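Take 167 as the starting number for the sequence shown in my numbering and just add one per residue. Here is the structure we will look at.
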Amino acid sequence: MQVSSLNEVKIYSLSAGRSLPEWLSDRKKRALQKNDVDIRRRIELIQDFEMPTVSTKIKVSRDGQYIMAVGTYKPRVRCFDTYQLSQKFERCLDSEVVTFEILSDDYSKIVFLQCGRFVEFHSQHGHYYKTRIPKFGRDFSYHYPSCDLYFVGASSEVYRLNLEQGRFLNSLQTEASESNVCDINPVHFLFAMGTAEGKVECWDPRTRNRVGLLDCALSSVTADTEIEGLPSISALKFDGALNMAVGTSTGQVLLYDLRSSNPLIVKDHHYGLPIKSIQFQHQLDLIISADSRIIKMWNKDTGKMFTSMEPEHDINDVCLYPNSGMLMTANEAPKMNIYYIPVLGPAPKWCSFLDNLTEELEENPESTVYDDYKFVTRKDLENLGLAHLIGSSLLRAYMHGFFMDIRLYHKAKMMANPFAYEEYRREKIRQKIEETRAQRVQLKKLPKVNKELALKLIEEEEEQFSKKRKQKNLPSLLKDDRFKVMFENPDFQVDEQSEEFRLLNPLVSKISEKRKRKLKMLEELEAQGQEEEEEPEGKASDAESSESSDDEKGWVEEVRKQRKLLRQEEKLKRQERLKEDQQTLLKPQFFEIKEGEEFRSFKDSAKKQKLMKKTLEDRLKLEEKLGTLNVSDTTVGSKQATFKLKKSEQQRKQQEAEKRHRQERKTLRRSASHLKSRPGRGRLFH
């Protein structure tokens, strides 16, 4: 059984594996099953579930007990009983079957549409009646209320055959030159047919009049699709009373609401192949559409891809077993494929053991080996020395690597590394030694980042545990997820040589030195893999207490020493910078002045740089002195700041000109009023 996964959806191929030829005797089959492990492990869900050459159509009866399939060669129909998990009967036909329909709940009434314009009826015992239609047929549907068969094909007419009266009725005259598919709605029995011109015509069987016309060829052309030629209708399926899915010959699936002429969703298969089958899965609201190359499952509301299957051989038909997760396909190969997808639904009741089998497979996943093939990457081939086989028939390209025969892989691996068994043996012995060592000695595993801090926290926890203080158990920083990054990310490493750390922790006491020695010893134990953890060298607890008192006395001296060291380091840095400045040669630099500004001097830019280096508080005080800022208290108790924007040189000149103009006008008005107040002089101006 082959397992594949796409979009985290497991697909189990129940028909994968080798099949035995028909002409072998039972004794030889049993002998092969004993000798060949692959044949013995295969799952044959239904015995001889295949056709001699090709299978074209597959359907399930309404009661779910019988699976019927047609194929060649010779043209035949086979019926499989699911309760017996074997073939019930096989009937050969005169010509190939285009399509067929099961009219009853079981296999007792079947209608076959054949290539030579024949319509053949079968009953429970076998062949019952045969008749012909005027033109070659391509599809037909059965209208249950009137017992009429509607045939469409290479003609503009839709032929009607009444099974109750046993005669042909008046045909339906359409506008299409040819029709490819048809279907009848199971709720209100609306008859729809897909034409070669890319249109869908809907007819009312009661009045025999056309009630609707959809131009699907025009709607299937979108901005993302590339179409060669006129799309014709190749598949048609109703869902409920209002929904209808249409498949085109160019690989598009259109979902319609019968109340609208525009499609709800247009889904492109991107292969340019005709859509062969459309099925609806109601539990998850999925549409299962298939062309000859791929089966796609997608959401009918959003169009989002659910999963897909790409069989080895071309697909002719797809059948979904009702109310289950089983899917069957008719292929261009003798074997008919059976797929089980647990996400779609449970296994049918006649093979309920599949649920237990798939659950066991999910609990015990195996390595990815498909049909005696091993997947290898290009790097694996280079390590094995098989890079020269790329492009040959021994390697089959797939995704980012290749598939190669598992036997060739094992041989190449043995030649590339003949001592692999010895390495495996040494690794197993080492693991056993580590297991026994872990039972005796528990080494402290310190993180990669901030090891000294972690060791300090561990020692503090041990001290609290030994003292047994009655206090709340606070969570450890090493086990707390909030501080997990501090011991994993190198960006959080504590820099003990930084100025801040040395000023805050001036006393590098003997306790910290002892902790460093202990940390170094732990690292050596981990590297060398010693059997027992040795206690780090140190003094007794009395000596430690005396050392701590000495540390407290020498606190001031250590602070002075650290400050002196910091001053010396700063002095050395200044001297190095002076040497670098003396060695560097200054080159002239050119600066571009912005439009609307005038160049005064370099002092302005220097002032701006000094001003930008100052703190916000200093800048606010300076602005307040210059008068461009006004800070006042509000009634609520908060601060209110009012800024005056700094004006550019051009605005300043314009304001000065306006000010001079206002002053001139003011002096003129004053002189005029002065002359009017002296009447003797005013007459001279008359």
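Note that beta-carbon positions come from the ideal geometry of N, C-alpha and C, so glycine has one too. Note that this is a predicted model, so its numbers are computed, not measured.
Contacting residues, own chain, Cβ-Cβ under 8 Å from residue i (five flanking each side not counted)
i, result
"Glu256", "Arg242, Val243, Arg244, Cys245"
"Arg836", "none"
"Asn616", "Met652, Phe653, Phe658, Gln659, Val660"
"Ile461", "Ile454, Ser455, Ser474, Met475, Glu476, Pro477, Ile481, Val484, Leu493, Thr495"
"Leu786", "Leu795, Val797, Ala807"
"Asp521", "Pro508, Pro512, Ala513"
"Leu396", "Glu363, Gly364, Ala383"
"Gln213", "Leu251, Ser252, Gln253"
"Phe649", "Leu643"
"Asp571", "Asp538, Tyr539, Lys540, Leu560"
"Glu564", "The residue you asked about is not Glu; residue 564 is Tyr in the sequence shown. The answer, listed in chain order, is Phe541."
"Ser171", "Ile177"
"Tyr575", "Lys540, Val542, Leu550"
Beta-bridge partners of residue i, as assigned by DSSP
i, result
"Ile276", "Ile268, His288"
"Val660", "According to DSSP, Val660 bridges with nothing at all."
"Cys857", "Summary: the structure shown does not reach residue 857, with the chain confined to residues 167 through 852, and so no result is reported for it."
"Trp369", "Phe357, Arg376"
"His309", "Asp314"
"Gly303", "Gly319"
"Asn465", "Leu452"
"Arg298", "Phe284"
"Leu421", "Ala411, Ile431"
"Thr808", "Asn796"
"Cys485", "Met494"
"Thr473", "Met463"
"Arg326", "Tyr316, Leu335"
"His566", "The partner list for His566 (beta bridge, DSSP) is empty, contrary to what the question assumes."
"Gln445", "Ile454"
Cβ-Cβ separation, residue j to residue i (assumed contact under 8 Å), whole Å
i, j, result
"Thr238", "Glu262", "6 Å"
"Val432", "Ser385", "7 Å"
"Arg283", "Asn346", "At roughly 16 Å, the Cβ-Cβ gap does not stay under 8 Å, so Arg283 and Asn346 are not in contact."
"Leu259", "Gln280", "7 Å"
"Glu627", "Ser642", "6 Å"
"Pro429", "Gly230", "Between Gly230 and Pro429 the Cβ distance is about 33 Å, and since that is not below 8 Å, they are no contact."
"Leu315", "Val264", "About 14 Å; that fails the 8 Å criterion."
"Ile350", "His309", "6 Å"
"Lys296", "Glu286", "5 Å"
"Glu423", "Lys442", "Reading the sequence as shown, one finds Asp at residue 423 and not Glu. Not confirmed; about 24 Å, so no contact."
"Met502", "Ile224", "6 Å"
"Gly403", "Phe355", "In the sequence on display, residue 403 carries Lys and not Gly. With 8 Å as the limit, Lys403 and Phe355 do not qualify as a contact, their Cβ atoms being about 15 Å apart."
Of the residues the options, the one placed nearest residue i, counting alpha carbons only
i, options, result
"Cys348", "Leu335, Val366, Ser337", "Val366"
"Tyr325", "Arg298, Asn351, Tyr310, Asp434", "Arg298"
"Thr373", "Ser804, Ser443, Asn336", "Asn336"
"Ser227", "Phe266, Lys194, Leu259", "Phe266"
"Ser426", "Asp434, Cys382, Lys466", "Cys382"
"Phe334", "Glu323, Glu344, Ser343", "Glu323"
"Ser307", "Leu834, Gly292, Leu329", "Leu329"
"Ile444", "Gly438, Tyr437, Leu420, His436", "Leu420"
"Leu486", "His448, Ser518, Asn465, Lys466", "His448"
"Glu344", "Lys645, Ser321, Gln331, Arg591", "Ser321"
"Lys240", "Gly332, Ser221, Leu452, Met778", "Ser221"
"Ser274", "Tyr564, Leu327, Gln290", "Gln290"
"Gln331", "Cys313, Ala838, Ile624", "Cys313"
"Phe519", "Glu498, Arg591, Leu211", "Leu211"
"Glu394", "Tyr437, Leu621, Arg596, Gln816", "Tyr437"
"Ala342", "Val318, Phe355, Pro352", "Val318"
Cut-off 6 Å between Cβ atoms - residues of its own chain near residue i, not counting five sequence neighbours on either side
i, result
"Phe658", "Met652"
"Pro508", "Gly491, Thr524"
"Gln547", "Per the sequence shown, residue 547 should be read as Leu rather than Gln. Correct list, in chain order: Ala553."
"Thr833", "none"
"Asn173", "Thr473"
"Asp747", "none"
"Thr340", "Ser322, Glu367"
Closer than 6 Å: residue i CB and nearest the ligand NAP heavy atom
i, result
"Tyr590", "The ligand NAP is absent from the structure shown, which contains no ligand whatsoever."
Contacting residues, own chain, Cβ-Cβ under 7 Å from residue i (five flanking each side not counted)
i, result
"Leu450", "Leu510"
"Pro500", "Glu216, Met217, Pro218, Thr219"
"Leu527", "Val169"
"Asp271", "Ser227, Arg228, Asp229"
Three-pair Cβ contact test at 8 Å for the region 394-408 versus the region 470-481 = Taking one beta carbon from each stretch, the region 394-408 and the region 470-481 have fewer than 3 pairs nearer than 8 Å; the two do not touch.
ask   = Taking contact to mean at least 3 C-beta pairs separated by less than 8 Å, is the region 613-629 in contact with the region 574-586?
value = Under the Cβ criterion (8 Å, minimum of three pairs), the region 613-629 does not count as touching the region 574-586.
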